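According to full-length UniProt numbering, the sequence shown is numbered sequentially starting from 1. Written below as structure tokens is the structure these notes are about.
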Amino acid sequence: MKTRRQYDDEFKKMAVELSEAKGSLKATAEELGITPQILTRWRRERVVTPGTPAVSRAQVSQEQQEIARLKKELKQAELDRIAEATRYFKIPVQRIRC
């Protein structure tokens, strides 16, 4: 029978942060040699080291919503700018008869 591995809080915190940065829980778990279930549990528990403030899910969710909104606005601004440049540089096309 295998012995159970023990992970310190610093490793758990690093794993959670890495999985959030990558956006892929499965890939992060494989890279770290742990199961996705363990990483899911750590993410749910939001492991933090003593002395650092814990971030609530609602706060993270609000921040993620704000980031998504800002990304959407940026994308729309880029598209508007491209459309404006296209209108500005539009040259009339002359048809050539063969």
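Backbone N, C-alpha and C fix where the C-beta goes; we use that ideal spot for every residue, glycine too. Just so it is clear, the structure is predicted and the values come from calculations on it, not from any experiment.
In three-state terms, what does DSSP make of residue i?
| i | result |
| --- | --- |
| S19 | helix |
| D8 | coil |
| S61 | helix |
| T35 | coil |
| R41 | helix |
| K75 | helix |
| K2 | coil |
For residue i and residue j, what's the separation of their Cα atoms in angstroms?
| i | j | result |
| --- | --- | --- |
| D80 | T86 | 10 Å |
| G43 | E30 | At residue 43 the sequence reads Arg, which differs from the Gly that was named. The alpha-carbon atoms of R43 and E30 are separated by roughly 16 Å. |
| E66 | V16 | 21 Å |
Exposed or buried, which one is residue i when buried takes at least 16 other CB atoms within 10 Å?
| i | result |
| --- | --- |
| K75 | exposed |
| L39 | buried |
The segment 4 to 17 touching the segment 30 to 49, judged by at least three CB pairs closer than 8 Å = yes
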